[in-house]
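Data first, discussion second: the structure below is written as structure tokens.
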Amino acid sequence: MQLQILTSVNELREHAAAWDRLWRRSLATTPTCQSEPLAVWIESFAPTAALALLVVRDGDQWLATLPLVEHTRLPGVSIGRLPNNEWALCGDLAIEPQCDVAVVCRELASGMRRLGWPLAKFDGIRAARADWQALLQAIKLEGLPTCYHDLWEVGEIAIAHDWQRYLESRSRNLRRQIKRSNERLQSAGEAELKIYSQPLPHELESLLRRGFEVEQRSWKSDRGSAVLQLPDVFDFYCRQARALAATGSLELVYLDLQGRSIAFEYGLKAKGVYFSPKVGYDEEFADFSPGQQLRARLYQQFQDDPARSAVDFHGPLAEATAKWATGAYRVGRLLVGLNQSSGRALVEGYRWSRCGYQFMKQRLRRQQQFAVRPLEGEPAAPVVSSPELESVGSA
0 MQLQILTSVN ELREHAAAWD RLWRRSLATT PTCQSEPLAV WIESFAPTAA LALLVVRDGD
60 QWLATLPLVE HTRLPGVSIG RLPNNEWALC GDLAIEPQCD VAVVCRELAS GMRRLGWPLA
120 KFDGIRAARA DWQALLQAIK LEGLPTCYHD LWEVGEIAIA HDWQRYLESR SRNLRRQIKR
180 SNERLQSAGE AELKIYSQPL PHELESLLRR GFEVEQRSWK SDRGSAVLQL PDVFDFYCRQ
240 ARALAATGSL ELVYLDLQGR SIAFEYGLKA KGVYFSPKVG YDEEFADFSP GQQLRARLYQ
300 QFQDDPARSA VDFHGPLAEA TAKWATGAYR VGRLLVGLNQ SSGRALVEGY RWSRCGYQFM
360 KQRLRRQQQF AVRPLEGEPA APVVSSPELE SVGSA
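Printed below as a string of structure tokens:
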């Protein structure tokens, strides 16, 4: 057994078959963690960064992979991190399920010391998953300092292949909204759900442009965060979509009214799971609740498809997704000091800053509770933490 470190996108592509074969056998499910979507992410967002794509192998058999890219957070301080950002999650741990997982994880943990960075940052990981638990244990046995905390919950739907039963398990308010908005939509003309599960390469760019034009007609345009307002990001999605379509991992979903797309979802699919990283709707048609109608029709089709096992909302749990979700899982941030001096100092510094942040957040919550006084006999509104607040204090 030995550790190999791939240091270029070319090396990754040379070993694409082995990388993807291991991913298919592992507990990782997100299809953007396959070799070509990962290569596209690196070329788009970290083209000059140093790479350390860790591979544990036994001869020709690959047993584990863990991709890290260089990230400069402070002047003169570079760390390693998973290739994940707000546009795509392309970094995850993959381990051969039939190997001695504890031994393989010890090899990975030992290999981290060779990377030359003082710190490794793993954002968006499912720390409760068995393979991540094994790696965490190996890191501790290696004596490397760590700090972990949850970031957010991700909603998911367990597909039981019974649409009526699922619908009846949702709130009365949601069922009423679906019925009323569907009636309004039908009265406006012909509405049709279109799903492109195997789009052809030559039609991908036009399909994506059509979908992201819907997003641009939403609130995201006012904030300057619509994909079509960011040419480099649109180019990234075109390249990623081609890579995903080549492995059957892309699903583009449109809700059309009288031939015009009024809602769009950029979907991923792998191992029976449908992922929903990007969704948008045309605000001109807000009275029809187009995003909600797209989801209702799509999920009804999923309930009738034996190949579907779950929907993963692929982002922080929010009101718009919680109403559909039957469960949730937590994702978090893990920091690992890779040497005994600066690495330990960085981990401890983050830990203390995190404690200060938590103290201030709790104090703010108390202030909010004292500031809001309902009329006698009326219940107090719950204090809800905001996604923006959760991101404060990032390493």
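FYI, numbering that gives the first Met the number 0 numbers position 76 of the sequence shown as 75, with every residue one higher than the one before it.
Every residue gets a Cβ at the ideal spot worked out from N, C-alpha and C, and that includes glycine.
Any heavy atom of the ligand COA closer than 7 Å to the beta-carbon of residue i?
i    : result
T246 : Summarising the ligand content, the structure contains no ligands, and the ligand COA is consequently not present.
According to DSSP, simplified to helix, strand and coil, what is residue i?
i    : result
T320 : helix
W61  : strand
G348 : helix
Q185 : helix
D19  : helix
P66  : strand
R169 : coil
S385 : For S385, the pLDDT reaches just 32, beneath the cut-off of 50, and the residue's location in the model is therefore unreliable, although a value from the coordinates is still provided. S385 falls in the coil class under three-state DSSP.
T31  : helix
N84  : coil
E42  : helix
Under the rule that 16 or more other beta-carbon atoms within 10 Å means buried, what is residue i, buried or exposed?
i    : result
E13  : exposed
D304 : exposed
S25  : buried
E35  : buried
V54  : buried
L140 : exposed
Q185 : exposed
E347 : exposed
P96  : exposed
G271 : exposed
V232 : buried
E250 : buried
S180 : buried
V76  : exposed
S260 : buried
A16  : exposed
So, residue i versus residue j, is the Cβ gap smaller than 8 Å?
i    : j    : result
V213 : F287 : no
P66  : L88  : no
P74  : L337 : no
E167 : A324 : no
L293 : A187 : no
W162 : Q299 : yes
A27  : L107 : no
Y273 : R307 : yes
V153 : G279 : no
Go through its chain and collect everything with a Cβ distance to residue i's Cβ below 7 Å, but skip five positions before and after it.
i    : result
R183 : D286, F287
By Cβ distance below 8 Å, which residues in the same chain neighbour residue i in space, the five residues on each side in sequence not counted?
i    : result
H148 : G331, R332, R353
Beta-carbon within less than 6 Å of residue i's beta-carbon, same chain only, minus the 5 sequence neighbours each way: which residues are those?
i    : result
Q239 : P36, V39
A225 : E214, Q215, K219
Which ranges does the beta strand (DSSP E) cover as unbroken runs of at least 3 residues, wholly within the stretch 110-160, from first to last along the chain?
Within the stretch 110-160, the complete beta strand (DSSP E) runs of at least 3 residues are 118-124, 145-157.
Can you list the alpha helix (DSSP H) stretches of 4 or more residues lying completely in the stretch 268-340, in chain order?
Fully enclosed alpha helix (DSSP H) runs of 4 or longer: 289-302, 318-321.
In chain order, which beta strand (DSSP E) runs of at least 3 residues are fully inside the stretch 192-256?
Unbroken beta strand (DSSP E) runs of no fewer than 3 residues, entirely contained in the stretch 192-256, are found at 249-256, following chain order.
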